[in-house]
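Asker:
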Amino acid sequence: MGDDLFSRKFKHWREWHNAVDFLTNLHIDMDEAQVFCNPQDPPDVLYQGAAFEIKEIMDEGRRRHDEVKQARKNAFQHKDRANFTQASVIDLLPEDAGRLVVAQLESMAGRYHASVKSRTDLLFYVNKLEHWFDDGPMPSANLFEPYGWRSVSALIASGVSIVFYANASAPRFLQDNLGKVRRRYESFAIE
């Protein structure tokens, strides 16, 4: 069934793809040919002055590799039968995403030197099963400032981007999107 895109050797591809999804959702007229994986990690991905360090938030105890192996096994065992199951869906509001990000920031405390954080844009890929993003209250940027990163953002699933925090030295496109929910397929008012 081909290469496992979730294996370690595809880490750079996944990070690049997360950054492209995040930037696409911001509607900044981004050219993905200008998004580069950085061989000197951190940061993971570079784009026009942005230096993204990318971290993934998954369900507790969840291992993506197990899901891929199980899906492969199911595909071979049930070739002609579709398996449809219903699962309850949990709303994921901006405040909820913010809490997940703050918990990760707490767990990362001390892992990066202050000089690295001050020039790095932290991007969390929120990859939660059975969660559906919905609008709601936005957490205050003040929650994220004490951690010392130049900016803190989230990509939720692949279609929603939020910039939770961006200081004055962050790239302008991050500052301009601070505190906004940006969706890949959002309607625009024509003026």
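Residues are numbered in the numbering used here as their position in the sequence shown, beginning at 1, plus a constant of 16. Glycine residues also receive a C-beta, built at the ideal position from the N, C-alpha and C atoms.
1. Using beta-carbon positions only, say whether residue 66 and residue 54 come within less than 9 Å of one another.
2. By Cβ distance below 8 Å, which residues in the same chain neighbour residue 151 in space, the five residues on each side in sequence not counted?
3. Within a Cβ cutoff of 6 Å, which residues of the same chain sit near residue 37, ignoring the five residues on either side of it in sequence?
4. Whole-angstrom Cβ separation of residue 138 and residue 31, contact assumed at under 8 Å?
5. Spatial neighbours of residue 115 within its chain, please: C-beta separation below 7 Å, excluding the five flanking residues on both sides.
6. Hey, is the segment 175-188 in contact with the segment 38-47, meaning 3+ C-beta pairs nearer than 8 Å?
7. I need the DSSP call for residue 165, collapsed to helix, strand or coil.
8. Could you check how far apart the C-beta atoms of residue 167 and residue 183 are, in whole angstroms? I think they sit under 8 Å.
9. Closest by CA to residue 130, which one among 156, 62, 29, 161?
10. In chain order, what residues of the same chain lie with their CB nearer than 7 Å to the CB of residue 186, ignoring the 5 residues before and after it?
11. Alpha carbons only, please: which of 50, 48, 27, 122 is nearest the one belonging to residue 159?
Answerer: Looking at the coordinates:
1. Here residue 66 refers to the residue found at position 50 of the sequence shown. Here residue 54 refers to the residue found at position 38 of the sequence shown. Residue 66 is not a Cβ neighbour of residue 54, given a cutoff of 9 Å.
2. Position 135 of the sequence shown holds residue 151. These residues qualify, in order along the chain: 109, 110, 197.
3. By 1-based counting over the sequence shown, the position of residue 37 is 21. So the list reads 171, 174, once near-sequence residues are dropped.
4. Along the sequence shown, one-based indexing puts residue 138 at 122. Along the sequence shown, one-based indexing puts residue 31 at 15. Wrong, their Cβ atoms sit about 12 Å apart, outside the cutoff.
5. Here residue 115 refers to the residue found at position 99 of the sequence shown. Non-local C-beta neighbours of residue 115 in its own chain, meaning closer than 7 Å and more than five positions away in sequence, are absent.
6. A contact exists between the segment 175-188 and the segment 38-47.
7. Within the sequence shown, numbered from 1, the residue matching residue 165 stands at position 149. Here residue 165 sits in coil by DSSP.
8. If you number the sequence shown from 1, residue 167 lands on position 151. If you number the sequence shown from 1, residue 183 lands on position 167. Contact holds; Cβ gap of about 7 Å.
9. Residue 130 sits at position 114 when you count from the first residue of the sequence shown. Considering only 156, 62, 29, 161, the residue with the shortest C-alpha distance to residue 130 is 161.
10. Against the sequence shown, residue 186 aligns to sequence position 170. Excluding residues up to 5 positions away in sequence, 137, 166, 167 lie with their Cβ nearer than 7 Å to the Cβ of residue 186 in the same chain.
11. If you number the sequence shown from 1, residue 159 lands on position 143. Among 50, 48, 27, 122, the Cα nearest to that of residue 159 belongs to 122.
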